[in-house]
Structure formats: structure tokens, C-alpha cells
Amino acid sequence: MMLPARNRIVAAGACIMGLALALSVQDFAHARSGVAGRPPLPAMGPSLRKTVAFETTEQAGTIIIRKDEKALYLVTRQGEALRYQISVGRDGFGWTGTVKVGAKTEWPQWRPPREMRARQPELPELVPAGPYNPLGARALYLLRDGRDTLYRIHGTNDPSGVGFDGTSGCFRLTNTDVIDLFKRVPVGAKVVVQ
3 MMLPARNRIV AAGACIMGLA LALSVQDFAH ARSGVAGRPP LPAMGPSLRK
53 TVAFETTEQA GTIIIRKDEK ALYLVTRQGE ALRYQISVGR DGFGWTGTVK
103 VGAKTEWPQW RPPREMRARQ PELPELVPAG PYNPLGARAL YLLRDGRDTL
153 YRIHGTNDPS GVGFDGTSGC FRLTNTDVID LFKRVPVGAK VVVQ
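In C-alpha cells, the structure reads:
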């Protein structure tokens with residue numbers, strides 16, 4: 003069907019305006035990214051997760067951290083677990099015990115503890131929530147007897163930093179793996195650190 007000449011001009015004008023608007027939005031987004039001066043978004047990192055045979059008396063849904071193995075196990079059923087490679091506390095920052103997941107946060111903000119800032123005065127008081135924070139994509143907050151331990155299971159924006167003794171007592175996974183763990187573990191889950 004052919005539109006009358008007057009309607010064809012209006013339709014063509016609308017298409018040109020739509021194209022101009024699309025280009026200006028695209029140009030604005032590109033210009034804004036350059037103005038922000040931020041580095042590119044961090045890599046999510048590979049998944050270092052695998053299903054393994056795992057004997058334990060703990061119930062499904064329990065997290066067991068074996069520091070010597072640099073591994074976090076999520077018990078999935080009798081005789082089986084998901085194994086995630088992690089980083090653990092460096093010398094002097096290791097700990098053991100049983101805690102619970104008290105809260106979970108996506109792209110958390112980070113407040114370095116006072117003791118950490120005393121050791122490293124260059125640290126800020128607060129790193130805002132978002133993709134550039136050092137806790138990565140997700141954080142699980144660990145509580146003992148209802149009190150915050152200040153330790154976390156969290157991601158990292160540096161996937162090459164997983165698998166080592168290098169944290170201040172937290173447990174670090176790739177962002178890809180911490181997102182997977184975050185989806186599987188509810189608040190209240192038991193965490194056993196060995």
C-alpha cells in the first residue's frame with residue numbers, strides 16, 4: 003500500500019528523527035564513559051567450581067571451608083559437594099570456627115576495619131557499592147552468635163588473586179563463582195571454617 007505524499011514525508015521525517023535520536027544517545031553514552039575516566043569494568047573471572055565426592059556429616063546447604071586446601075565446599079547432598087577454589091587469610095590472619103551467613107549483598111560497599119586502616123593508612127574509610135569495590139560482585143557476611151565477625155566470603159575484581167594465602171581473614175572467590183554461590187546459599191546457612 004502506498005502512502006499519500008504528505009504522509010510519506012511525515013514518516014520519513016520520523017525515521018530520520020529516530021535515527022538522529024539513536025545516534026545522539028549513543029554518542030552521549032560514549033562521551034560520558036570517556037568523561038568518567040574510570041577503567042573498564044573488571045573481569046568476572048573464570049569459574050573454578052566443580053562437583054566432587056565429599057564425605058561429611060554436615061547437612062546439605064552447609065559451607066565447609068578447608069583453609070589448607072584453599073577450598074570452599076558447599077554440601078549439595080550426602081557424599082557430594084560443589085568445590086570452589088578460594089583465597090584465604092595470610093599468616094597471622096587465619097581463623098577457625100563455626101559461623102552463619104548473616105546477610106548477603108550484591109556489589110557491596112566496603113568499609114575497611116579500623117585495624118586494617120591502621121596497618122594501611124592509605125585505605126579510604128569507604129569504597130562505595132558498585133563494580134569497582136574490592137569485595138567484588140557479591141558478599142556473604144559471616145556472623146558468630148549474632149555478631150558481625152567482620153569476615154566475608156566475597157568476590158574479587160582480580161581473578162588471578164584466587165588460590166592463595168593473601169587476605170586479611172576473608173575468603174575470596176572469582177566474581178563468577180561468588181555469584182553462583184550467592185544464588186545457592188540462604189541467609190542463616192552454617193559455615194564451618196577448618
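Just so we're aligned: the sequence shown equals residues 3 to 196 in our numbering. Ideal Cβ positions, reconstructed from N, Cα and C, are used throughout, including at glycine.
- Residues of the same chain with a CB within less than 6 Å of the CB of Pro136, apart from the 5 flanking positions on each side, are Trp112 in chain order.
- Per DSSP, the unbroken beta strand (DSSP E) holding Lys102 starts and ends at 99–108.
- Taking Gln87 as the centre and dropping the five residues before and after it, the same chain places the C-beta of Leu50, Lys72, Ala73, Val164, Gly165 closer than 7 Å to its C-beta, in chain order.
- Closest by C-alpha distance to Thr169, out of Thr178, Thr158, Asn177, Asp179, is Thr158.
- When Glu60, Ala191, Phe173 are compared, the shortest CA-CA separation from Arg79 is found for Glu60.
- Boundaries cannot be given for Val164, as no beta strand (DSSP E) includes it and DSSP labels it neither H nor E.
- If you draw a straight line from the Cα of Arg121 to the Cα of Asp150, it comes to about 21 Å.
- Gly132 is the residue among Gly132, Val101, Trp97, Lys69 whose C-alpha sits nearest the C-alpha of Pro42.
- Out of Arg154, Asp167, Cys172, Val103, the CA that lies nearest to the CA of Asp147 is found in Val103.
- DSSP, read as helix, strand or coil, puts Ala120 in helix.
- Within the DSSP bridge table, the entry for Ile65 names Leu76, Val193 as partners.
- Put simply, the backbone Cα of Asp167 is about 23 Å away from that of Thr64.
- In the three-state DSSP reduction, Phe184 falls in the helix class (H, G or I).
- DSSP, read as helix, strand or coil, puts Asp70 in helix.
- In the structure shown, Thr151 adopts extended strand secondary structure according to DSSP, grouped into three states.
- By DSSP's assignment, Leu145 forms a beta bridge with Lys102, Asp150.
- Here DSSP, grouped into helix, strand and coil, assigns Thr158 to coil.
- If you ignore the 5 residues before and after Gly138, its C-beta comes within less than 7 Å of the C-beta of His156, Gly157, Thr158, Asn159, Asn177, Val180, all in its own chain and listed in chain order.
- For Thr100, the CB contacts under 6 Å within the same chain, skipping 5 residues up- and downstream, are Val194 in chain order.
- The DSSP-derived three-state label of Thr53 is strand.
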